[in-house]
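According to the numbering used here, the sequence shown is numbered sequentially starting from 2.
C-beta: ideal position from N, C-alpha, C; glycine also.
Input: a single structure, listed below in structure tokens.
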Amino acid sequence: ITKREAKGNWKSWKWRSSKDAFSNGAYFVPSGYGSCAPNYTPSQSFVAVPAYMVPAITLNAGPLSCFVGRAC
2 ITKREAKGNW
12 KSWKWRSSKD
22 AFSNGAYFVP
32 SGYGSCAPNY
42 TPSQSFVAVP
52 AYMVPAITLN
62 AGPLSCFVGR
72 AC
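As structure tokens, this is what we get:
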């Protein structure tokens, strides 16, 4: 994931990674100090699957095969 911000806007941000999987030389550098608690309530959270399952759960992801004059 890449996020580019104007210089200085990000200096107070806290970036953390937890149980993420990186491949092909990708890496993550945490930043900021102190706790990085989520900004949502427990009722807004969900259980995440392990990163190795991403190919299986996104197997059918992608563009629709739509044609002019026919329902997608």
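Inset, instruction - Give a yes or no on whether the C-beta atoms belonging to Ala-22 and Tyr-53 are separated by under 8 Å. - result: Contact: yes.
Inset, instruction - Return helix, strand or coil for Ser-66, following the three-state DSSP convention. - result: Look at Ser-66 here: in three-state DSSP terms it is coil, with no helix or strand label.
Inset, instruction - Tell me, please, whether the region 28 to 37 touches the region 48 to 63 by the rule of three or more beta-carbon pairs shorter than 8 Å. - result: A contact is defined here as three or more CB-CB pairs under 8 Å, and the region 28 to 37 fails this definition with respect to the region 48 to 63.
Inset, instruction - Starting from Trp-16, follow its DSSP beta bridges and name the residues at the other end. - result: In the DSSP assignment, the residues bridged to Trp-16 are Ser-32.
Legend entry - Opening and closing residue of the alpha helix (DSSP H) in which Val-55 lies: Val-55 -> alpha helix (DSSP H) spans 55 to 58.
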